[in-house]
Amino acid sequence: MQMKNPTPNFVIIGAQKSGTTSLYEYLRAHPDVFMSSPLKEPGYFLGPDVVPQFWKRRGIDVASPDELLERHMLQGYRGQPLFGEASTYYTIGRRSRREQIPQHMAAADPRMKLIYIVRDPLERIRSNYLHSVRRGTSTGSIADFLNSGEGRIALLTSQYHFQIEAYRASFPAEQLLVLIFEEFVAAPEAGMRQVFEFLGLGRAATSMAFAAHNVSENRSDLAADQRLRADEKQWEELRALLLPDVEKLLAYLGRDIPAWGITHDARQGRGSV
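If you read the sequence shown in UniProt numbering, its first letter stands for residue 1, the second for the next number, and so on.
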């Protein structure tokens, strides 16, 4: 009888531009953890009607999530008890699919653990915009970017409480860990202790080297920075748009996030980017 392939029992669900690559690499270094390979972001739980077309557009032919799993997610698997993947697509999907992805996860494993690493939404959108400028896909102002398809996705996926609501409909709060990107960057060892404990690994040793991964997004682009700073009115409108969701997130977490300028700058009357 053929053994059934294991499926992920924990998932990093986002957000983009928020340190998911570093978190993936740190987890992969733990002997009891296997992270999806060679595909880091396989999108296994996007659903059987989405996975084949999703990957066909990216040059990979698979007929089902199970074929994706067998051919593109288990390279190097040696029976580790924890099997994770890191697909930021899970907080990018259309609103119509917002509830379906958590439902697919819960159907696969109702004990699934979810890790959501979030960043000051204004800084995240700024990073996304600068990345777009460097790639040459955005040549206009931040207002032009926010009116583009990429910008609208950046705005939607920076509303973290809105995203969390869909997962809370399928999972209890104790199965969702929200990490703060700025705190994780400042103290990665403490952050990884929190992650290991959440995953049931106890106070695992974290003597690994905490090098940053995929840090190209942090490079400055002077022209883009100048465009950002020139449009303070648009920036303040964006802040006002995002603040209600941020306040809901803080209430959900039961804490403040001092590292986030979006709330502290607003309270202190500072309006610059």
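Positions of the beta carbon are idealized from the N, C-alpha and C atoms, including for glycine.
In the DSSP annotation of this structure, the continuous segment of the beta strand (DSSP E) that includes Lys113 starts and ends at Lys113 to Val118. Counting along the chain, the unbroken beta strand (DSSP E) around Glu85 starts and ends at Leu82 to Ala86. Counting along the chain, no alpha helix (DSSP H) covers Met35; the unbroken beta strand (DSSP E) around it starts and ends at Val33 to Met35. Excluding the 5 residues flanking it on each side, Phe181 has same chain C-beta neighbours closer than 7 Å at Ser18, Gly19, Ile117, Val118 and Arg119, in chain order.
One alpha carbon belongs to Arg71, the other to Val178, and they sit about 31 Å apart. Lys113 counts as buried, since no fewer than 16 other beta carbons sit within 10 angstroms of its beta carbon. DSSP places Leu243 in the uninterrupted alpha helix (DSSP H) bounded by Glu232 to Leu253. By DSSP's assignment, Phe10 forms a beta bridge with Gly84 and Lys113. Taking the C-beta atoms as reference points, Gly84 is found nearer than 8 Å to Ile12.
Fewer than three beta-carbon pairs drawn from the segment 18–35 and the segment 45–63 are found closer than 8 Å, and the two stretches are therefore not classed as touching. Distance from Pro102 to Phe171 at the Cβ level is roughly 7 Å; contact confirmed, criterion being Cβ atoms closer than 8 Å. The bridge partners DSSP lists for Leu74 are Ser37.
The Cβ atoms of Gln159 and Asp245 lie closer than 8 Å to each other. The beta carbon of Pro6 is closer than 6 Å to those of Phe83 in its chain, skipping five residues each way along the sequence.
In the three-state DSSP reduction, Leu46 falls in the helix class (H, G or I).
Around Phe10, the same chain offers Leu82, Phe83, Gly84, Met112, Lys113, Leu114, Ile115 and Leu199 as residues with beta carbons nearer than 8 Å, after the five sequence neighbours per side are excluded. Close CB contacts of Ser64 within its chain, under the 8 Å cut and outside five residues either way in sequence, are with Pro48, Val51 and Pro52 (chain order). Val178 is bridged by DSSP to Tyr116.
Ranking Ser37, Asp256, Leu249 and Tyr77 by CA distance to the CA of Glu165 puts Leu249 first.
Under a 10 Å Cβ-count criterion, Thr91 is classified as buried, with 16 or more other Cβ atoms of the shown protein chains found around its own Cβ.
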